[in-house]
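The opening residue of the sequence shown carries number 0 in numbering that gives the first Met the number 0; numbering runs sequentially from there.
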Amino acid sequence: MSVLALVSCLTMSCQDNNSTINPAPTTGVLINDAFATSQNGWDGDVSDYAVEQQSLIEFSFSHAGLPAPLDQSQKALRVFGRNRSDDIFMFVRKQLTGLRPNTDYKLQFDVELASRYPANSIGIGGSPGSSVFLKAGASATKPEKVLDGTFYKLSVDKGSQSDAGPAAVLIGNVANGKDVEEYTLIQRTNKEQPLTARTNDKGELWVFVGSDSGFEGDQALYYSKIKVTAL
Numbered sequence: 000m001s002v003l004a005l006v007s008c009l010t011m012s013c014q015d016n017n018s019t020i021n022p023a024p025t026t027g028v029l030i031n032d033a034f035a036t037s038q039n040g041w042d043g044d045v046s047d048y049a050v051e052q053q054s055l056i057e058f059s060f061s062h063a064g065l066p067a068p069l070d071q072s073q074k075a076l077r078v079f080g081r082n083r084s085d086d087i088f089m090f091v092r093k094q095l096t097g098l099r100p101n102t103d104y105k106l107q108f109d110v111e112l113a114s115r116y117p118a119n120s121i122g123i124g125g126s127p128g129s130s131v132f133l134k135a136g137a138s139a140t141k142p143e144k145v146l147d148g149t150f151y152k153l154s155v156d157k158g159s160q161s162d163a164g165p166a167a168v169l170i171g172n173v174a175n176g177k178d179v180e181e182y183t184l185i186q187r188t189n190k191e192q193p194l195t196a197r198t199n200d201k202g203e204l205w206v207f208v209g210s211d212s213g214f215e216g217d218q219a220l221y222y223s224k225i226k227v228t229a230l
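Pasting the structure below:
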């Protein structure tokens, strides 16, 4: 074998080894974000309301300090809305890139958030604790509100309130685990029910976490940590 051929062979071998050593990930931690100092590329939106309710909802998304009695020097992703439809979905989202194209990923979400209301709290339409359902989802396309007639719905199927959909799984409610109204850090996971989502041909995937509300009233939630693991 000539020196040139040998060099060519070794070069090809090295390239093959590199592609094997550093493939696009199919398992392992994909996101492990805490928001004490940064949004880490997440943003927020709201859906599931009628056009005429736009000005009434007053939805806002911000990177804000945790509420008292929690450590207010630590920040989180804050979503706020005035639920006038008994059904708004407030959510945060982030795009993942560099995954394996056209591949099914089995995802586990571990979410920490600050919530105020106990499970037995009473509100119009339902409890602001146990009737506000937390969902985690994923889609190859961006989850965003789209106009359907006179109603803003989510562009991917997350299901409705306590029911899951093809693009999302129910991970619990936002009850604070106490008997009193005060902001408390709570953890939610879909460890027992992983969600399967497929990347697009560019190896991209959007993930989102949100609250599907059956409580008609004001609510602010603070997402402090979100971890997504491919199983």
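Glycine is no exception: its CB is placed at the ideal position from the N, C-alpha and C atoms.
Inclusion of residue 192 and residue 131 in the CB contact set at 8 Å is not warranted, their separation being larger than that value.
In the structure shown, residue 87 falls within a coil segment according to DSSP collapsed to helix, strand and coil.
If you draw a straight line from the Cα of residue 96 to the Cα of residue 178, it is about 42 Å long.
Between the segment 111-119 and the segment 221-229 there are three or more inter-stretch CB-CB distances shorter than 8 Å, so the stretches are counted as touching.
Of the candidates 40, 70, 88 and 159, 88 places its Cα closest to the Cα of residue 78. Contact between residue 86 and residue 160 holds, since their C-beta atoms are separated by about 7 Å, short of 8 Å. The beta-carbon distance between residue 26 and residue 109, rounded to whole angstroms, is 16 Å. This is too long to meet the 8 Å contact definition.
The segment 166-182 makes no contact with the segment 33-44; the number of CB pairs closer than 8 Å stays below 3. Look at residue 54 here: in three-state DSSP terms it is helix. In this chain, the beta strand (DSSP E) harbouring residue 136 covers 131-138. In the structure shown, residue 172 adopts extended strand secondary structure according to DSSP, grouped into three states. In this structure, 58 is the residue among 67, 100, 70 and 58 with its C-alpha nearest to the C-alpha of residue 91. Annotation for residue 221: the continuous beta strand (DSSP E) segment containing it runs 217-229.
Residue 103 sits close to residue 195, with the two beta carbons spaced by under 8 Å.
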